[in-house]
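Q: Going down the list, the sequences are from chains A and B.
Each residue of the first sequence is one higher than the one before, counting from 823 in my numbering.
Each residue of the second sequence is one higher than the one before, counting from 13 in my numbering.
Glycine included, C-beta positions come from ideal geometry on N, C-alpha and C.
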Amino acid sequence: MDMKKKVASKTEVVTFSGDLTIENAQELQKILLAAMDNAAELLLTFENVTATDLTFVQLLCSAHRTAVRSDKIMKLASPRPEVLMAAVRETGFIREKGCILDTQASCIWKEGWQ
Amino acid sequence: MKDKNREAYKEEAYELLAELEESLLALEASPEDEELIGRVFRAMHTIKGSGAMFGFEDIASFTHEVETVFDLVRDGQVRVTKDLVDLSLAARDEIRAMLEGDEPEDVHQRPGIIAGFRGLIPGAAGEAGSGPAPAPPGEEDSWAGAPATYRIRFRPAADIFLSGANPCHLLNELRQLGDFNVVAQTEAIPFLADINPERCYTSWDLFLTTSRGFDAIADVFIFVADDSELDIQMIDDGTADRGDYKKLGEILVARGDLDEDSLTRLLAQRQLIGEALISTGLVSGDKVESALVEQRHVRAAQKKRQENEGAASIRVPSAKLDKLVDLVGELVTVQARLSQTAINFQDSQLTAIAEEVERLTGDLRDNALNMRMLPIGTIFSKFQRLVRDLSGELGRQVGLITAGAETELDKTVLERLNDPLVHLLRNSLDHGIESPEVRVQLGKPARGKISLTASHAGAQVIIRVQDDGRGLDQEAIRAKAVQLGWLAPEVEISDKELFSFIMSPGFSTAREVTSVSGRGVGMDVVKKAIEALQGSIEIDSQKGVGTSITIKLPLTLAIIEGLLVTIEEDYFVVPLSVVTECVELTREDVARAHGHKMARVRDEIVPYVHLRERFAMEGLPPAIEQIVITEMNGSKVGLVVDQVIGEQQTVIKSLGRVYRHVAGISGATLLGDGTVALILDAAQLVQGQAGELLN
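(1) Taking beta-carbon pairs under 8 Å, can you tell me which members of the region 883 to 913 of chain A lie near chain B?
(2) Using a Cβ-Cβ cutoff of less than 7 Å, which residues in the same chain neighbour B:Gln453 once the five nearest sequence positions on both sides are dropped?
(3) Consider the Cβ of A:Leu854: report whether some Cβ of chain B lies at a distance smaller than 8 Å.
(4) What are the boundary residues of the beta strand (DSSP E) that B:His76 is part of?
(5) If you measure from the beta carbon of B:Tyr213 to each beta carbon in chain A, is any gap under 8 Å?
(6) Quick check on this structure: which residue in B:Asp83, B:Arg104, B:Ala109, B:Glu77 has the alpha carbon closest to the alpha carbon of B:Arg130?
(7) Using a C-beta to C-beta distance shorter than 9 Å, which residues of chain A count as neighbours of B:Gly293?
(8) Nearest by alpha-carbon distance to B:Glu301: which of A:Trp935, A:Ile916, A:Thr837 is it?
(9) Roughly how many whole angstroms lie between the Cα atoms of A:Thr874 and A:Val905?
(10) Could you check what DSSP says for B:Glu34 in three-state terms: helix, strand or coil?
(11) Which whole-angstrom value describes the C-beta separation of B:Val2 and B:Val586, a residue pair presumed to lie in contact below a C-beta threshold of 8 Å?
(12) What does the alpha-carbon distance come out to for the pair B:Ile133 and B:Leu464?
(13) B:Ile234 CB to nearest chain A CB: under 8 Å?
(14) Which chain B residues are close to A:Ile930, counting only those with a beta carbon under 7 Å from its beta carbon?
(15) Taking the alpha helix (DSSP H) that B:Ala354 falls in, what are its first and last residues?
(16) Residues of chain A with CB under 8 Å from B:Ile207, in chain order?
(17) Is the shortest distance between the beta-carbon of B:Ala140 and the beta-carbons of chain A less than 8 Å?
(18) Does DSSP put B:Ser553 in a helix, in a strand, or in coil?
(19) Output, in chain order, the set of chain A residues within a Cβ distance shorter than 7 Å of B:Val265.
(20) Can you confirm whether the region 419 to 436 of chain B touches the region 381 to 399 of chain B when touching is taken to mean that 3 or more C-beta pairs between the two stretches lie within less than 8 Å?
(21) What distance in whole Å lies between the Cβ atoms of A:Leu866 and A:Phe838, which are believed to be in contact at a cut-off of 8 Å?
(22) If contact is defined by three or more beta carbon pairs under 8 Å, each pair taking one atom from either stretch, is the region 577 to 597 of chain B in contact with the region 350 to 364 of chain B?
(23) For B:Leu260 versus B:Leu304, is the C-beta spacing smaller than 8 Å?
(24) For B:Leu275, I'd like the list of residues in its chain whose CB is within less than 7 Å of its CB, leaving aside the five on either flank, ordered along the chain.
(25) Identify every run of the alpha helix (DSSP H) within the region 642 to 707 of chain B, keeping only runs that are complete inside it and at least 4 residues long; order them along the chain.
(26) Run down chain A in chain order and give the residues with a C-beta less than 9 Å from the C-beta of B:Asp378.
(27) Closer than 9 Å by beta-carbon distance: list the chain A residues that pair up with B:Ile247, in chain order.
(28) Give me the Cα-Cα distance between B:Ser548 and B:Ser360, rounded to the nearest whole angstrom.
(29) When the cut-off is 8 Å and only beta carbons count, does B:Val195 lie next to chain A?
(30) Give me the Cα-Cα distance between B:Ala415 and B:His468, rounded to the nearest whole angstrom.
(31) Straight-line CA distance for B:Met56 to B:Glu47?
(32) Using 8 Å for Cβ pairs, my map puts B:Arg397 next to B:Leu37. What's the rounded Cβ distance?
(33) Is there a C-beta anywhere in chain B that falls below 8 Å from the one on A:Phe915?
(34) Quick one: list the residues of chain B neighbouring A:Asp841, beta-carbon separation under 9 Å, in chain order.
(35) Determine, using beta carbons only, whether B:Asp298 comes closer than 8 Å to chain A.
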């Protein structure tokens, strides 16, 4: 797993690549936490993602909740890797409406997964 | 509407009962066949479920007893035995009586049957061991068969990843079972600082429409079930035909995610329920999302089912089909007139239209007749039961083999074929198949065999009843025929002709009357019934080896192919099915026969009936007449007419009451120009002249 960080004005861009799976879950958590600390706006992008699983999907959901609670913005860039698209679809995370915490209507599971 | 539904239920139940009987009889032969056990269970389940729905509570509660036992049979807790099959068949008859609204003669049989079934349940009085108590009606949800929809709530253990199991694999396994929808419940996912990313915080609401049943679903979770929370509920049993599954609030109440009072209060606020639920925090967004998916999933499943059912078949009262065939018959007649008129006018445009109408009418006729076709298997299944019961009564061991059940025949023909076939089977059982002891002595298998087969041959259906019994005794038949004066002792006749004697009224070689035969219905009645269907019957038999009875029937009785002939100015139609050829009859031929009504056709002497004389018609015959040679029961007989016009598609009209019993005429038809032509009943005409012909 590789990770690049780049600060573009207020937006911190985090690019994920390689295996985004349980084997790297703790490291991925740390990366997201660090990025969240550094910026008001977080953009997650993906390059050459080879595998992913439920643990990463849970992490994304958790990160978004954390961002909303801290009045920060977290977005996922497109295009998204097919392995991630499939994992989100198969695990039933796609939503029509966000959860009760989604006060800004920015739920990451609403669009771009079909 | 209610009556209409009850009628629809009854119709369906009759079909299910027929299927049930068939399955039970097959089950007796293959008691381990799980597919058959499943079929019996499903039939009972549907009869019960729909019965309760349409107000047949007595049927529902009675059938429940049978269904309970078959549920245990499916689980391997009760074995299929002859007693169970006997009891189930008795229950089937009882249900039928209840459907018909008949109070059976021995109404006390019902408690006996119920007690019999209860006695089969392990742990019931008189049975050793203990088994699970049967579920009361409506509680069980585990039957496989028609696709049902399940809601599965699955919360895996938080450390599921550490055990090596992957919940995504489980979801994918379920996906293989049918139509599947999944909604993740994410409420428990902590914030980033608190989450242990190697633990599972997600739970799922899963919606699956499958025909694989409860067990197949539970099997998917077999290795994780102990550490997980798992709840599988059937939310649509696959029988409801409405496409309006519960409302959102009702779903949440049914799941226990919302209480009814809260729902009532929310509804009173006249807000969109989904929005109101989330904004008030009464139910989480995940749960509302899940309820919406459930609603959509079940409605889609119901719609799909409706579409499938709609596309597969539609129930139409048979009277409407009869009316349609009548109208098509009228149309065929009018079309013939149109064609005739077009010929007379010699107008090419009119001829082209007439030809087009002729083609379309032909297609319409074929389609209309086809709609009334039913597979002969619908009556075959009844015979399995008949043979089973009768062989028990007579102490025979007999297996009935049927083939060609898919062969289709006109509904009317099929209905009228039942009695003759029952009689033939009874004969085979009573007079044909020997007792097991005798069979063993003769070197035959103790278990006799009767085969009932049907097949198509052109525009005819051939039905054969064949047994491997003792066969007909030629000598006895011959002796009886001589004794009755029907046959001169010195005359040699073919076996076919000899056997045809047993189909004459008043002929019986049976030495004793049993409860099976001797009911006042003989082979002559069978023959009459078959001939009334424009069919023929033929017997072939070998002493000690067996008997084969072949029935040939037209596919339909509404429209037949006929041969149009004339005598003087009058038209007649001979059914083409009995016609073999036409030959000329000259005055010289008549003179050579020295007063006998016989013609020589290619070195064969063929007796004939002179129809002009038979119908006492005035006028002189032409110098060259025509003999229409018919063949029935292996014998050729000619019908002498003035002229043969040609083949004619004949829409049969029955004769009025006054003329209905005129011998030799079976109906009438209208020709293209509106002229009436009488349809000749060749069999009756020949029979009427039998004495004369024999001389």
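A: On the basis of the supplied data:
(1) The region 883 to 913 of chain A vs chain B, Cβ under 8 Å: Cys883, Ser884, Ala885, Arg887, Thr888, Arg891, Ala909, Glu912, Thr913.
(2) Excluding sequence neighbours, B:Gln453 sits near nothing in its chain.
(3) yes
(4) Element bounds for B:His76: not the beta strand (DSSP E) but the alpha helix (DSSP H), 69 to 86.
(5) yes
(6) B:Glu77
(7) Chain-ordered, the chain A residues with CB closer than 9 Å to the CB of B:Gly293 read Ile922.
(8) A:Ile916
(9) 6 Å
(10) helix
(11) Since the first residue shown for chain B is 13 and the last is 707, residue 2 of chain B is missing from the structure and cannot be characterised.
(12) 37 Å
(13) No - not a single Cβ of chain A is within 8 Å of the one on B:Ile234.
(14) Within 7 Å Cβ-Cβ: nothing; A:Ile930 doesn't reach chain B, min ~11 Å.
(15) 330 to 357
(16) Those within 8 Å of B:Ile207 in chain A are Gln851, Gln880, Leu881, Ser884.
(17) With a pLDDT of 36 at B:Ala140, under the threshold of 50, the modelled position of this residue cannot be trusted, and the question is left open.
(18) When secondary structure is reduced to three states using DSSP, B:Ser553 falls in the strand class.
(19) Within 7 Å Cβ-Cβ: nothing; B:Val265 doesn't reach chain A, min ~20 Å.
(20) yes
(21) 7 Å
(22) With a cut-off of 8 Å, the region 577 to 597 of chain B and the region 350 to 364 of chain B do not count as touching, because too few Cβ pairs lie within range.
(23) Taking the C-beta atoms as reference points, B:Leu304 is found nearer than 8 Å to B:Leu260.
(24) The answer, listed in chain order, is Gly261, Val265.
(25) 694 to 700, 702 to 706
(26) Going along chain A, no residue has its Cβ under 9 Å from B:Asp378, so there is no contact; the nearest lies around 49 Å.
(27) The premise fails here: B:Ile247 is roughly 17 Å from chain A at the closest Cβ pair, so nothing lies under 9 Å.
(28) In a straight line, the C-alpha of B:Ser548 is about 44 Å away from that of B:Ser360.
(29) Yes, because at least one Cβ of chain A sits closer than 8 Å to the Cβ of B:Val195.
(30) 12 Å
(31) 14 Å
(32) 6 Å between Cβ atoms; contact.
(33) yes
(34) Going along chain B, no residue has its Cβ under 9 Å from A:Asp841, so there is no contact; the nearest lies around 14 Å.
(35) yes
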